[in-house]
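This report concerns only the one structure given below.
2 protein chains.
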Amino acid sequence: MGKVFTQASVSLDGFIAGPGHSGFDKLFAWCRAGDVETPSEDPERLIYRTNAATAAYLRELMETTGALIVGRTLYDMTNGWDGKHPGGLPVFVVTHRAPEEPVESETPFIFVTDGIESAIKQAQDLAGDKRIGIGPGSTVGQAINAGLVDEIRVDLVPLILGSGTPMLSGITEQLDLQNPEVIVGQGVTHLIYCL
Amino acid sequence: MGKVFTQASVSLDGFIAGPGHSGFDKLFAWCRAGDVETPSEDPERLIYRTNAATAAYLRELMETTGALIVGRTLYDMTNGWDGKHPGGLPVFVVTHRAPEEPVESETPFIFVTDGIESAIKQAQDLAGDKRIGIGPGSTVGQAINAGLVDEIRVDLVPLILGSGTPMLSGITEQLDLQNPEVIVGQGVTHLIYCL
């Protein structure tokens, strides 16, 4: 079964967004800070331009990921990515209530109303041996609390935001991780922690 | 003039202490996670046992640091380190009011009542070309806000605390840092950011 990971661009003070959803330009500046091109699954919207180490990190993750899980808040905030999630993968949306009308979209969106555990199981069934990416948002804390996350990938950005949305919230127990794998990018340090 | 730095052992979710001042055993486990010995300035209390990379990092910092600055809260919480700060250096204590009685102690404690800027200037005058270490606590945010910190040293520990005391607080403006120097320890990743 595919491993479950979460990944986020995080400021040095631990935020994935500044106050009032600010700071994204700086949090994602590393995606365009080098000269090695890595097309995303939606190259019209995004071609990563990074150093070679980050390019290898991104390529490996894209090639091995089979499905994504997000919370309903993010889905609504992005208006369901206007029907096309940039990851080019099936997206499971954890929600209390599925939309009453069927959603017409290029990306397959699967609404899961019976919790994060069920969403992960369904995503793994679909993705085979490929990985499941989860988050950002409160779904991450729920999955970590349930012991269902295998890997935390932090793209640590040399930036202090002061306040905002923390990467990890709602964690109910202290948790030991293993020493991370460290990949030095340009404008970012990738840290891969196994749980 | 000596550079001003702050340093702390920090959990992956950005805390230097867990709830109710918990978590210190895990936050500082890296100090005893290897077999290369580095005596602290007070080897009866602490001999670091780390891998070779961390030992070099610690030695260099000890050899080049000339004075420390702390806030009054920490000074009171530790009861003035019972008269002997483990750093073996003069310690400037930023406070609203100096103790009325002279403090008898092995460590020279200098009480500064006119703010962080004054404390840094006095520490630099005393330390010559050597570095000034500042923090932890609200003094760090004050010094960063005043543009007086040259370096942030994060000893990032593979640990999630869930809640607690953040390393960086009271920062009033978003701040860009440079790509860090990365030193891979055992049970810790040292990240040195220049401002």
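Each protein sequence line maps, in turn, to chains A and B. For the record, in the first sequence the residue sitting at position 187 is 187 according to the UniProt record's numbering, with numbers rising by one throughout. For the record, in the second sequence the residue sitting at position 170 is 170 according to the UniProt record's numbering, with numbers rising by one throughout. Don't be surprised by glycine CBs; every beta carbon is placed ideally from N, CA and C.
- Looking at the backbone, the Cα of V10(B) and that of Y193(A) are separated by about 15 angstroms.
- Going by C-alpha positions, E41(B) is about 36 angstroms away from F15(A).
- Listed in chain order, the positions of the segment 29-50 of chain B with a beta carbon within less than 8 angstroms of a beta carbon of chain A would be empty, since no residue qualifies.
- Within chain B, no C-beta atom comes less than 7 angstroms from the C-beta of Q124(A); the nearest is roughly 23 angstroms away.
- Residue pairing by DSSP puts E151(B) in a beta bridge opposite F5(B), C194(B).
- Against chain A, a Cβ distance below 9 angstroms from K26(B) picks out Q174, D176.
- P136(B) has its alpha-carbon roughly 26 angstroms from the corresponding atom of V182(A).
- Residue V91(B) holds the alpha-carbon nearest to the alpha-carbon of S105(B) among V112(B), G18(B), V91(B).
- Flagged as an interface residue toward chain B: L161(A), by a C-beta distance shorter than 8 angstroms.
- Any Cβ of chain B closer than 8 angstroms to the Cβ of G18(A) would place that residue at the interface, and such an atom is present.
- From the listed residues P102(A), T6(A), T73(A), E63(A), the smallest Cα separation to T38(A) is found for E63(A).
- Against V149(B), chain A offers no close residue; the least beta-carbon distance is about 10 angstroms (beta-carbon pairs closer than 8 angstroms).
- Counting C-beta atoms within 10 angstroms of its own C-beta, N51(A) has 16 or more neighbours from the protein chains shown and is therefore classed as buried.
- Per DSSP, reduced to three states, the secondary structure at L159(B) is strand.
- In this structure, T189(A) sits away from P86(B), with a CB-CB distance that is not shorter than 8 angstroms.
- Counting C-beta atoms within 10 angstroms of its own C-beta, T113(B) has fewer than 16 neighbours from the protein chains shown and is therefore classed as exposed.
- About 7 angstroms separates the Cβ atoms of V149(A) and I134(A), confirming a contact at the 8 angstroms cut-off.
- Residue contact check for Y57(B) against chain A: no CB pair falls below 8 angstroms.
- At least one beta carbon of chain A lies nearer than 8 angstroms to the beta carbon of D13(B).
- Any Cβ of chain B closer than 8 angstroms to the Cβ of G135(A) would place that residue at the interface, and such an atom is absent.
- Beyond the five residues adjoining it in sequence on each side, F28(A) comes within less than 7 angstroms, by CB distance, of S9 in the same chain, given in chain order.
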